[in-house]
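So the structure is just underneath, and the comments pick up after that.
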Amino acid sequence: MAKISSAKIRKIIDSRGNATVEVDIFVDGKYMGRAAAPAGASKGAFEVKDYPEEGIDFGIMQFRSVAIPKIVGSDPLDQKGFDKLLHEIDGSDDFAVMGGNIAIATSLAVAKAAAKSEGMELYRMMLKKGKAKMPYPVGNIIGGGKHAINGTTMQEFLSVAFGKTYSDSAFANTIVHKRTGELLKKRFSDYPIGLGDEKAWVAAMGDMEAVQTLSDAISYTSEKTGMAMGPAIDLAASSFYADGMYDYKGRKLTTPEQIEFISGIVEKFSVKILEDPLDENDFEGFAELTKRIGKKTIIVGDDLFVTNKKRLSQGIKMGAANGVLIKPNQIGTLSDMIETVELAKKHNYEMVISHRSGETEDSTIAHLAVGLGIGYIKTGTIGGERTAKHNELIRIEEMERA
Ligand code: PGA
Ligand code: ZN
């Protein structure tokens, strides 16, 4: 039997310049799997805790002294058993002791080391003999919310590309990004324009102008490439919801008004994917919106579901949403994430696997997308920590063609 022979943890720098963790797992002293955790800025209230209360350095120290001795000797090919061990070592129900970011980096590093020891790519090991299907990329083009200073109220205006190949689709989104930059340069000729945390454009404009600009850039690109494309929006609505109102920089909407407003935008711009249009506690509002426009668009719960099987199952019961965002570090282990994916599949919920606003060069989500047959991947359009995922998918596509 293959055995985990040693493990290492270190502090590395993420794309925002913050500290995050990276874990190396060694199998039989020679096969290494490495994974790093990302970081959210608009985190859901119901995510597992990313680090112990005492902070990242304490978490690292504790992992070295408490967890590593218990991990060594276990079977890397038994992912479920390993992830159960992580829960046992932690002892809480939200990784508050170990830190969910430390747990997820460890869990994914084990999966990668297991694949190495089997002489396989991770996505291939997960697929077994199944046929690989590439996801469609959802790329952030214009942004604001908690990802930028003085940007739009809604967090992300994105482009979805339905090309024949992943490579074609990912490149098409880069054209939308470039075209948007040109449009903004014309529109704001006397002002500087910048990029937010996910390398989406940030300019002094409102949400309606942003969606119009996005839509124009997508039409231009779709015509130029002959590819089917469409807009997506992640409102991250919990980040501007307070006291029962959605606050658009002073213009406040009640929940029924928000539902009306958002339905109008979805219809007018043929929005393909709509993420977190309402507050993370509002299952009823989500259900009403889904009844209203769920046939026209994919309504995705991110902060609503936090990749949590229990919350997704409540959503399924209530008819809240018809899609779920999958972020591994929201739930802390690969096995927990897979349980949520399986539940979504069973109920025909669309899935979008996602990066976080703070990222590293780690490209594991590219493998998870293909390995689990997830329909979409949201990972920015440009920027090294985003292109790391695209470029890995381009490699995977090539391997599958060969
Ligand atoms: P994050 O949010 O900043 O928490 O990563 C991204 C998202 O809302 O999808
Ligand atoms: Zn989101």
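Take 1214 as the starting number for the sequence shown in the numbering used here and just add one per residue.
Built from N, CA and C at the ideal position, the CB exists for glycine as well.
Its Cα nearest to that of residue 1606, the residue 1577 stands out among 1486, 1577, 1311 and 1325. Comparing C-alpha distances from residue 1311 to each of 1395, 1291, 1544 and 1462 shows the shortest one belongs to 1544. With a 10 Å radius around the Cβ and a threshold of 16 neighbouring Cβ atoms, residue 1575 comes out buried. For a cut-off of 8 Å, the C-beta gap from residue 1246 to residue 1326 is around 3 Å, short enough to register as a contact. In chain order, 1224 and 1269 place their CB closer than 6 Å to the CB of residue 1232, counting only its own chain and leaving out the 5 sequence neighbours on each side.
Residue 1474 and residue 1555 have their alpha carbons spaced roughly 33 Å apart. Under the DSSP definition of a beta bridge, residue 1408 partners with 1414. For residue 1361 and residue 1218, the gap between their C-alpha atoms comes out near 43 Å.
Residue pairing for residue 1329: DSSP places it in no beta bridge. Counting C-beta atoms within 10 angstroms of its own C-beta, residue 1467 has fewer than 16 neighbours from the protein chains shown and is therefore classed as exposed.
Just so you know, the alpha carbons of residue 1491 and residue 1596 end up roughly 29 Å apart. Inter-residue distance for residue 1366 and residue 1320 is about 35 Å (C-alpha atoms, whole angstroms). Set against 7 Å, the gap from the CB of residue 1534 to the closest heavy atom of the ligand PGA is not smaller. Counting along the chain, the unbroken alpha helix (DSSP H) around residue 1272 starts and ends at 1269-1275.
By the neighbour-count definition (other C-beta atoms within 10 Å, threshold 16), residue 1339 is a buried residue.
For residue 1541, the enclosing alpha helix (DSSP H) covers residues 1541-1544. In this structure, the beta-carbon distance from residue 1251 to residue 1572 falls below 8 Å. The residues 1216 and 1217, in chain order, have a CB closer than 7 Å to that of residue 1286 in the same chain once the five nearest residues on each side in sequence are set aside.
In this structure, residue 1584 keeps its C-beta atom at 8 Å or more from the C-beta atom of residue 1564. Residue burial is scored here from C-beta neighbours: residue 1356 has at least 16 other C-beta atoms within 10 angstroms and is therefore classed as buried. DSSP, read as helix, strand or coil, puts residue 1290 in coil. The ligand ZN approaches residue 1447 closely enough that one of its heavy atoms is under 7 Å from the residue's Cβ. In the three-state scheme derived from DSSP, where H, G and I count as helix and E and B as strand, residue 1403 is classed as coil. For the ligand PGA, a non-hydrogen atom lies closer than 7 Å to the CB of residue 1569. Closest by C-alpha distance to residue 1230, out of 1465, 1483, 1489 and 1410, is 1410. Looking only at 1463, 1520 and 1447, the smallest Cα-Cα distance to residue 1372 is reached by 1447.
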